Amino acid sequence: MMATYTGHARLIVFAGVMALISAVVSMTLATTPDAAASAIILIQNATILTVSHGTIEHGSILIRDGKIAAVGQSIAKPQGAEVIDANGQYVMPGIIDCHSHIAVDGSVNEGSVSVSSMVNIADVLNPDDIDIYRDLAGGVTVANVLHGSANSIGGQTVVIKLRWGAPASRLPFEGALPGIKFALGENPKRSNFSIRGQEKRYPATRMGVEESIRAAFTEARDYKSKWDDYNKKTSAGEKNLIPPRRDLRLDPLVEVLEGKRYVHAHCYREDEILMLLRVAKEFGFKVRTLQHVLEGYKVADEIAASGAGASTFSDWWAYKVEAYDAIPYNAAIMTRRGVLVSINSDDAEEATHLNQEAAKSIRYGGLSREEALKMVTINPAIQLGIDKRVGSIDVGKDADLVIYNHDPLSAYAVVQMTLIDGRVYFDRTRDIAERVDREKEKKVLTEKEKKAAAEKKPEDKKSEDKKQNEKKPEDKPKPPQSGEGSAADSDRGAL
Amino acid sequence: MGTRVFAECCTVVFAALTVASWLAPNALGQGGEPPYFAIRGAKIVTVSGRTAENSTVIISHGIITAIAADAKIPDEAWIIDGKGLTVYPGLIDSFSDVGLMAPPASGAPAAGTPLATESAPRPPQTQTAARGPEDRPGTTPWRNAADEVNLADKRIDTWRNGGFTTVVAAPKGGFFPGQAAVLDLAGDRPGDFVVKSPVAIALNLSVTGGFGSGFPNSQMGVLAYVRQVFLDIDWSTRAQAAYEHNAHVERPPYDRTNVSLAAALQKHVVVLIPANNSVQIQRSLELADRWKVNGVIYGAQMAYENAADIAAKTLPVLVNAKWPEVEKDADPEDRPTLRELRFRDRAPSAPAALAKANVKFAFYSGGLTTPKDVLKAAKKSIDAGLSADAALRALTLSAAEIYGVSDRMGSIEVGKIANLVVTDGDLFDEKTKIKMVFVDGRRFETHEPEKPKDPPKGDISGKWKLAFTTPDGAEEATADLSMEKDGTLSGTVTSKRGTGSILSGWASGEKFSFIINIPVNGSPTDVTFSGTFDATSLKGSLSVPGFSTDFTGTKPGASTEHAAMSAIAAKGAR
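Just so you know, the sequences run in chain order R and P.
All the letters of the first sequence, read from the start, carry residue numbers 0 to 494 under numbering that gives the first Met the number 0.
All the letters of the second sequence, read from the start, carry residue numbers 0 to 573 under numbering that gives the first Met the number 0.
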């Protein structure tokens, strides 16, 4: 699954663990929660990190019909409630990853054109992607699934709940506003690397990136006025008008202008950040989040003034020229200057320990525990406009919860259970138990295939002779797994 | 016909006469036969109704005119004694390009010019590089299978001899390759083949269409593109209507994609949507709604997971009969996931699941290259829980129903086209032989070749490098052979002239022989390879009508290590 993304950099970074990962793929792929969610669940004896109103020791959470019905120290067990005893364990709101590329069928980039707003991640959600399950096992319950960063204006994006086992149509977060990916700098301009099989295309400079965004919105504005004009005339009773041709590329940009679609903009350098904020102001739309935004600390006041949120890495930089000026204090500095900050993964593996990523800002920048937790819960919820539903443990919110065996801000914390809408989607105990059966089934099926192959083959003697002559590939040193694409091609993996 | 020419020309060829006597399955589209036939006293499997033992079918002028034990046999009829024979409706390959083999490039191509073969995608029509959706990459919906029937396509004989009287053929290449037509596999002129056209718009949603680096080059890009086309058809139709009403406004542009698709959709043809795994199937169910088309899913090998969802949408399905298998040259280091293993194990059970959910479905050959393989694949489904009746229906009447031609074919009924298969036993029994086939009431007798009795000494399977000399100079080819226990050969031969699949072949003792069909000097030609083999070498001659030459073959075994290393290197460079 990892390799299906275009992440050349990821190949370099994770070359060592690739083999391990593919082994794990086969083991966990088939886990589908069979549990029909009980209507009433009571989590007891837990240390509850509510995020919104402090920590409750030896607390309970009552879940009814997928929602949090009560939170407190003493909640009586209702009749028929299923009890989860979380004695000595920690419960926090499900983690929200504001920059993810999981659950996508095929490439996350439509890189052929500089404005690819006609494509929509929601069209190609892949509920079978094992990364959904792995991220659940890391406590993630909501992901902002973004198009890649190959284009000045990229594809449409979608917020999903990690409902492993549900069909694609059930993944999107109900009512969450859709988004669109923008990208600035090296990735859309592509002047410092090339992609095999793709011709060089405009833009090739940061100036060109700005111009291509400006040109697209100019077009969108004209398109909108054509439609407004047509609708006006039609409602005035004019007949036999030729309607404007619907253009899937411009529709989402009109939605941006109308405030019906969030802009999530990939960016690095201070100059390009300010550029986008200026362009947005000129065309009258808002940038909802600046993604990566590694130089955000340099222009934190301007970002805060624009109202844009910032979604950044904890401590990852120098993987390309525009990421050299990054510092681990970025999240903390922006927070202190009044920017709403989240910590994201941009990577399926990174997403499995976003709790630790958040914790790093306590060490670098001196944020409080509460502030650190917020950066992977309520802050991204606000950024995605879903904070009324998720992001903290409050009565009335969705029962999206993670249970850890230790303090989630500790490196020893391991997820025990992940719930979405009050339903257990990951259960560590059950997962471990089921591995045995899955391995058994694999063995049976493999043997069956071998047997069928042997029946088809006339003699196996010859091929065995051959094997002896032939050195096994692993006896030879393997060439490094780096691709022709440079690290500049990507941010931690998927563009 | 090919056989006779072949035999005359190849007296010098190694073992020419023995080869010719059985290698090419001989089909006689007899001229001068009467337009009346009576198959008397046979078992008639009508598919639409009850199976009748010891009954008689009357054919006149291409139509079935009577089915009854006491049917009156016309005086002029050629009477066939049906004792011990079973009559089935002609089989239908519900999605194929048989009959549409690419014609040689216009003008006389130079000898040795690489030419398109049946397996190579056709070059797209002249197009400029695509820069966006409006440029319509990989879009040739005005092409119609009915206009591209090519009598030189050898597969017409192969499929007919294997019991397939009918194919639903569609052009290949691109996202909107063109319109499909129902073709009967017999006729003197291309027009004789066409039963109905158009019957479907074929879609291909895979990104690897070979259309360069332009838009779209991602799965979501393809979906956006196709959606835009469907929106444009609608817009163009409405805009044109409005313009006809009032011409004093800006004129909507003419676009043959819109015009040809709108015309086809007005005839309520179905739209074939590819979807093989459960995620794609689920998606295609929604796409059919979104595009507002009469969708038919093709592929559907993972339908055992969501047959009920398909049933709920009442979409018909074409099941690809080429069941997933372990890749022949798979990396031995690759560990399949449990999901992959399950898929390979359960795919043949997809038809049973569809049948159980009451989904209408038909089989299509997919990547299978012989009709026998399709029947074997159907047998696998029967072994996996599908009833034999349902399997037969999926190869006959259901296909006809899906394409709206069940009024004229798909079952043995009075008034329907006389497309019949006559066998000496149960169709799905491997030992059963097809005795004759009727297409549009024309009789084709098939003689299945007898194979040499000696078992092969050793295994000829594997990749071979062949070297030979033609009038154009020294040439090389790669033969990828696989041998079954009894010596039956299948596989491909690839040279600069293209790739040809083995039509028939065998290995016996130290000898072997096989035939491929490949363009030579611009026309599709049978090439026979025959000779002797051992573990590391081949020796023999290859022949085409009027020419033969010796060849040698080597197994690149000595350099296996090298090959393995380059394979790894190639992967690393991805």
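C-beta: ideal position from N, C-alpha, C; glycine also.
Quick caveat, the model's predicted, so the values are computed rather than measured.
Cβ neighbours of residue i in the same chain (closer than 7 angstroms, five flanking residues each side left out)
i: V438/P; result: G89, R159, T164, D183, L184, A185, N418
i: E269/R; result: E294, K297, V298
Nearest neighbour of residue i, chosen from the options [CA to CA]
i: N516/P; options: I501/P, S507/P, E509/P, Y35/P; result: I501/P
i: G172/P; options: A201/P, R188/P, V148/P; result: A201/P
i: K319/R; options: G58/R, N108/R, F192/R; result: F192/R
i: H52/R; options: T351/R, Y411/R, R368/R, E271/R; result: R368/R
i: V436/P; options: R142/P, F94/P, I155/P, P555/P; result: I155/P
i: E218/R; options: P251/R, S234/R, P187/R; result: P251/R
i: D393/R; options: I40/R, Q155/R, E440/R, G71/R; result: G71/R
i: G184/R; options: L289/R, Q197/R, K66/R; result: L289/R
i: V208/R; options: A68/R, A182/R, Y229/R; result: A182/R
i: W226/R; options: S211/R, R245/R, G147/R; result: R245/R
i: R237/P; options: T233/R, E237/R, P242/R, A235/R; result: P242/R
i: Q265/P; options: I232/P, R282/P, L541/P; result: I232/P
i: E356/R; options: S148/R, E454/R, A410/R; result: A410/R
i: F362/P; options: F36/P, I91/P, E75/P; result: I91/P
i: D328/P; options: V292/P, S460/P, Q218/P; result: S460/P
i: V166/P; options: V228/P, G98/P, D187/P; result: G98/P
Where residue i falls, given that 16 or more other Cβ within 10 Å makes a residue buried
i: Q78/R; result: exposed
i: H504/R; result: With chain R covering 0 to 494 only, the question about residue 504/R has no answer from this structure.
i: Y222/R; result: buried
i: Q279/P; result: buried
i: K359/R; result: buried
i: L575/P; result: Beyond the ends of chain P as shown, which are 0 and 573, falls residue 575/P; an answer cannot be given.
i: K554/P; result: buried
i: P247/P; result: Reading off the sequence, residue 247/P comes out as His, not Pro. Flag for H247/P reads exposed.
i: K484/P; result: exposed
i: V435/R; result: exposed
i: I296/P; result: buried
Residues of its chain near residue i, where Cβ-Cβ distance is below 8 angstroms and the 5 sequence neighbours each way are ignored
i: Q300/P; result: N275, N276, V318, N319, W322, P323, F342, A346, A349
i: A142/R; result: I95, D96, S99, I101, A102, D134, V158, I159, L161, A350
i: L276/R; result: V286, E301, I302, S305, A307
Residues of its chain near residue i, where Cβ-Cβ distance is below 6 angstroms and the 5 sequence neighbours each way are ignored
i: A310/P; result: A356, N357, V358
i: Y621/P; result: There is simply no residue 621/P to check, as chain P begins at 0 and stops at 573 in what is shown.
i: G644/P; result: As displayed, chain P neither begins before 0 nor continues past 573, which places residue 644/P out of reach and without an answer.
i: V12/R; result: Low local confidence applies: a pLDDT of 38 at V12/R is under 50, so the model's placement there is unreliable, with the coordinate-based value given in what follows. So no residue of the chain qualifies.
i: S211/R; result: S113, S151, P202
i: I83/R; result: I42
i: S25/R; result: Residue confidence for S25/R is low, a pLDDT of 37 falling below 50, so the modelled location carries little weight and cannot support an answer.
i: A389/P; result: A354
i: R429/R; result: none
Check: residue i C-beta below 6 angstroms from any heavy atom of the ligand NAD
i: D246/R; result: Among the components modelled here there is no ligand, and therefore nothing to report on the ligand NAD.
### Task
Examine the Cβ distances between the segment 170-179 of chain R and the segment 244-263 of chain R and report whether three or more of them are shorter than 8 angstroms.
Of all C-beta pairs linking the segment 170-179 of chain R to the segment 244-263 of chain R, three or more are shorter than 8 angstroms, placing the two stretches in contact.
### Task
Select from the segment 322-348 of chain R all residues with a C-beta closer than 8 angstroms to any C-beta belonging to chain P, and list them in chain order.
Of all residues in the segment 322-348 of chain R, none has a Cβ within less than 8 angstroms of some Cβ in chain P.
### Task
Using a Cβ-Cβ cut-off of less than 9 angstroms, give me the residues of the segment 215-236 of chain P that come near chain R, in sequence order.
Answer set for the segment 215-236 of chain P: P215, N216, S217, Q218, M219, G220, V221, L222, A223, Y224, R226, Q227, L230, D231, D233, W234, S235.
### Task
Assess, as a yes-or-no matter, whether the segment 322-335 of chain R is touched by the segment 286-297 of chain R under the definition of 3 or more beta carbon pairs within less than 8 angstroms.
Per the Cβ contact rule, the segment 286-297 of chain R is in contact with the segment 322-335 of chain R (3 or more Cβ pairs under 8 angstroms).
### Task
Taking only beta carbons into account, state which residues of the segment 261-283 of chain P come closer than 9 angstroms to chain R, listed in chain order.
For the segment 261-283 of chain P, the set of residues with a beta-carbon nearer than 9 angstroms to any beta-carbon of chain R comprises N276, S277, V278, Q279, Q281, R282, in chain order.
#### Entry: chain P contacts made by the segment 117-129 of chain R, where a contact means CB separation under 7 angstroms
Within the segment 117-129 of chain R, the qualifying residues are M117, V118, N119, I120, D122, V123, N125, P126, D127.
### Three-pair Cβ contact test at 8 angstroms for the segment 106-125 of chain R versus the segment 216-224 of chain P
Judged by pairs of C-beta atoms under 8 angstroms, the segment 106-125 of chain R touches the segment 216-224 of chain P, as three or more such pairs exist.
### Query
At a cut of 8 angstroms, does the segment 247-258 of chain R reach the segment 111-120 of chain R through at least three beta carbon pairs?
Judged by Cβ distances under 8 angstroms, the segment 247-258 of chain R makes contact with the segment 111-120 of chain R, as three or more pairs qualify.
### Task
Could you say if the segment 541-553 of chain P and the segment 522-531 of chain P meet the contact criterion of at least three C-beta pairs nearer than 8 angstroms?
Two segments are said to touch when three or more pairs of C-beta atoms, one from each, lie closer than 8 angstroms; by this definition the segment 541-553 of chain P touches the segment 522-531 of chain P.
### Query
Any chance the segment 234-252 of chain P sits against the segment 82-90 of chain R, with 3 or more Cβ pairs inside 8 angstroms?
Flag = no, the segment 234-252 of chain P and the segment 82-90 of chain R do not touch.
### Task
Compile a chain-ordered list of the residues in the segment 243-258 of chain P whose CB is closer than 7 angstroms to at least one CB of chain R.
Within the segment 243-258 of chain P, the residues whose Cβ lies closer than 7 angstroms to some Cβ of chain R are H244, N245, V248, P251, listed in chain order.
### Query
Going along the chain, which residues of the segment 149-176 of chain R sit with their C-beta nearer than 8 angstroms to a C-beta in chain P?
Listed by position, the residues of the segment 149-176 of chain R near chain P (Cβ gap below 8 angstroms) are G154, P166, A167, S168.
### Task
Closer than 9 angstroms, Cβ to Cβ, to anything on chain P: give me those residues from the segment 95-109 of chain R, in chain order.
Here the close residues are V103, D104, G105, S106, V107, N108, E109.
### Interface positions of the segment 229-256 of chain R facing chain P (Cβ-Cβ less than 9 angstroms), listed along the chain
Those residues of the segment 229-256 of chain R that come within reach of chain P (Cβ to Cβ, closer than 9 angstroms) are K238, N239, L240, I241, P242, P243, R244, R245, D246, L247, R248.
### Query
Can you list, in chain order, the residues of the segment 210-229 of chain R whose Cβ is nearer than 7 angstroms to any Cβ on chain P?
For the segment 210-229 of chain R, which is checked against every Cβ of chain P, not one residue is closer than 7 angstroms.
### Meets three-Cβ-pair contact criterion under 8 angstroms: the segment 407-424 of chain P and the segment 57-74 of chain P
Contact between the segment 407-424 of chain P and the segment 57-74 of chain P is established, with three or more Cβ pairs separated by less than 8 angstroms.
### Contacting positions in the segment 341-367 of chain P - beta carbon closer than 9 angstroms to chain R
Legend: CB atoms of the segment 341-367 of chain P lying less than 9 angstroms from CB atoms of chain R belong to residues R341, R343, D344.
### Task
Would you list, in chain order, the members of the segment 190-209 of chain P that have their beta-carbon closer than 8 angstroms to a beta-carbon of chain R?
Among the residues of the segment 190-209 of chain P, those with a Cβ less than 8 angstroms away from any Cβ of chain R are V206, in the order of the chain.
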